[in-house]
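Numbering (the working numbering), first residue to last: 269 to 633.
Worksheet: the structure to be examined is printed underneath.
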Ligand SMILES: [Zn+2]
């Protein structure tokens, strides 16, 4: 859709306005080609983020191209300010380099080639890439420049959450500014104001969410996983059948949805939720239905809670198994985290003593 919109804009407006002697099919062929090259440029910008992040050992979750540009999402963010700054700067640098290459190409091409369309197309691609690079370098989160600003503040103050909140505040200001500018432009009769306001609205939304998260993380400082986890969780013995465990849940009126699974020696081997149990054959062993523990489903009891929150996104029905000295100590669910966040907003630091022991049920042998 974006490709079609761009091609229509180019074939109907930009190209005929700059070189008026070609025929409609020529305009369209050039327009589609140029639109495709712009999309590839956008992809190159995002891939620069993605590839550099991979070099720092960060797993890339997705790269998305959409109407307002591109977004690359990571499993977790790079751990040092330096890595953060470099990953963020890589995109705009690639865009600016591409812009420069298109300028050079426009200088080299015969000005009369393709009714003069070749030079117009190359200049347009140069302008768009330079614009993309410069716009993204604005020092306001969630733009790349905002990430660089945040990394610099983080390196200076040593406080990641404060740096995030500050860069996000600048992002909110930029968002408001763009929305205002967009409205003024629209009032003056230019349709491009809609686009400005949309970009502003998107930036405002992301920046507000980041600021809020940074404030929550700031309040959760010093809180460990042990402070908020549900201790003595109902354990699913891995060697039991799904059927037997289901009967046990019914008999004892267990109200949990997720259960850590242990092997015969009591070592935690995974977590299993009711949906997985429901999807498994009733005669299957629980250990065959478990999600094995990895960085995102396992935490250490003494770990800072924010470290876990930064590397995992808990969904309703999901859980992190909390381990202490190789033994299962509890589970961390979305409810535990919501409770800790609510308490911290009330100005109360959750501690192990205040954990929801009323919610924990009996454990099978
Ligand atoms: Zn970028």
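We treat Cβ as the ideally placed atom computed from N, Cα and C, and that holds for glycine.
Since we're looking at a predicted model, the values are computed, not measured.
Residue i, DSSP secondary structure in three states
i, result
"residue 600", "strand"
"residue 508", "coil"
"residue 577", "helix"
"residue 280", "helix"
"residue 360", "helix"
"residue 552", "coil"
"residue 618", "coil"
"residue 461", "helix"
"residue 333", "strand"
"residue 567", "strand"
"residue 499", "strand"
Buried or exposed (CB count within 10 angstroms, at least 16 for buried), residue i
i, result
"residue 440", "buried"
"residue 295", "buried"
"residue 314", "buried"
"residue 560", "exposed"
"residue 380", "exposed"
"residue 566", "buried"
"residue 556", "exposed"
"residue 482", "buried"
"residue 459", "exposed"
"residue 255", "Any answer about residue 255 is impossible in this case: the structure gives the chain only from 269 up to 633."
"residue 634", "Nothing can be reported for residue 634: it is not among the residues displayed for the chain, which extend from 269 to 633."
Sub-7 Å separation of residue i and residue j beta-carbons
i, j, result
"residue 504", "residue 540", "yes"
"residue 397", "residue 474", "no"
"residue 498", "residue 604", "yes"
"residue 443", "residue 472", "yes"
"residue 414", "residue 405", "no"
"residue 287", "residue 384", "yes"
"residue 570", "residue 492", "yes"
"residue 522", "residue 506", "no"
"residue 589", "residue 601", "no"
"residue 476", "residue 510", "no"
"residue 283", "residue 303", "no"
Any non-hydrogen atom of ligand 1 within 6 Å of residue i CB
i, result
"residue 359", "yes"
"residue 412", "yes"
"residue 404", "yes"
Interface flag, residue i vs chain C, CB-CB below 7 Å
i, result
"residue 588", "The question asks about chain C, but that chain is absent: this structure has only one protein chain."
Review point. Do the segment 361-380 and the segment 329-345 make contact, defined as three or more Cβ pairs closer than 8 Å?
Key: The segment 361-380 makes no contact with the segment 329-345; the number of CB pairs closer than 8 Å stays below 3.
Check your understanding: Within the chosen definition, does the segment 422-430 reach the segment 374-392 through at least 3 CB pairs nearer than 8 Å?
Key -> Result no; under three Cβ-Cβ pairs closer than 8 Å.
Check your understanding: Hey, is the segment 497-517 in contact with the segment 535-553, meaning 3+ C-beta pairs nearer than 8 Å?
Key -> Of all C-beta pairs linking the segment 497-517 to the segment 535-553, three or more are shorter than 8 Å, placing the two stretches in contact.
Check your understanding: Within the chosen definition, does the segment 351-361 reach the segment 315-324 through at least 3 CB pairs nearer than 8 Å?
Key -> Result yes; three or more Cβ-Cβ pairs closer than 8 Å.
Check your understanding: For the 8 Å Cβ check, are there 3 or more pairs between the segment 483-490 and the segment 598-616?
Key -> They touch, by the three-pair rule.
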